[in-house]
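Following full-length UniProt numbering from start to finish, the sequence shown increments by one per residue and tops out at 206.
Glycine included, each C-beta is placed from N, C-alpha and C at the ideal position.
A short worksheet on the structure shown next.
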Amino acid sequence: MDGSFLSEGVPIIIGLIIVLLVIWGIVIYNRLVKARNASKEALQGIDVALETRFDQIKAQAEAATGIVQTEVELILKATSLRTGRTIRELTVDEKSELNASLKEAEQYLIQQSQQGPGALASIENYPDMNTWQNVELLQRTINEVEERLQAARRVYNRAATDYNTKREVFPTVLIAGMLGFREHELFELTDQRKRAQYNLEGFLDK
């Protein structure tokens, strides 16, 4: 009798263990999906900020001529965008490198604009610049884009770190890879000039 009970109970116990493992797997999967989606959604904020910065620099370059415009175009062409992919299609590491290049181009434009007619001619020669009514407006625009990117970076890195942590804790780490959950890269600022404040005094009144 006891042997019969044990023989009948073993399959039941095994079945319960399997059910519990399935439930555990579903809970873990749903948790990881939620964290991964939050990280991907936060990354879109970085994409928007980078696209805005790129468009702004292109607009500034188009207001210049000669070597200034050529140099900016060379800087932009040296980025990952040369592959024909859009900003949204770049990896996080490539987005970070693109941001550094955009900063370099922006800083170059600002430096050249403050060197007088030898770099950028007077405002009369740049009708497009008339859309920026004064130096303060341009200064504010650049700073707002930078602040937007910094805010988006913080939100994304927080979401990516949360996702990575959920993925790496035991025992989730045992199945995360098998379920297709890969680590998310953090968006790092590689440019040491990231804290530099742009001084645009005299940008439009040469």
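Reference residue i, options the options, closest by Cα
i	options	result
His184	Gln111, Gly25, Arg36, Leu21	Arg36
Arg88	Ala100, Gln56, Lys40	Lys40
residue 217	Asp47, Arg53, Lys103	No answer is possible for residue 217: the residues shown for the chain start at 1 and end at 206.
Lys103	Leu50, Ile175, Lys166	Leu50
Tyr163	Leu32, Trp24, Gly15, Ile14	Leu32
Glu146	Asn99, Thr161, Ala176	Asn99
residue 207	Val92, Leu90, Val68	Only positions 1 to 206 of the chain appear in this structure, which leaves residue 207 out of reach.
Glu94	Leu43, Gln56, Leu20, Thr141	Leu43
Own chain, CB closer than 6 Å to residue i, minus 5 neighbours either side, in chain order
i	result
Thr172	Ile28
Ile17	none
Limits of the unbroken alpha helix (DSSP H) element including residue i
i	result
Thr91	Where Thr91 is concerned, there is no enclosing alpha helix (DSSP H), given that its DSSP letter is neither H nor E.
Glu71	66-77
Ala176	173-176
Same chain, Cβ closer than 7 Å to residue i, neighbours up to 5 away in sequence not counted
i	result
Ala78	Ser101
Q.
Please give the ranges of any alpha helix (DSSP H) in the segment 6-60, keeping only runs that are unbroken, at least 4 residues long and fully inside the region.
A. none
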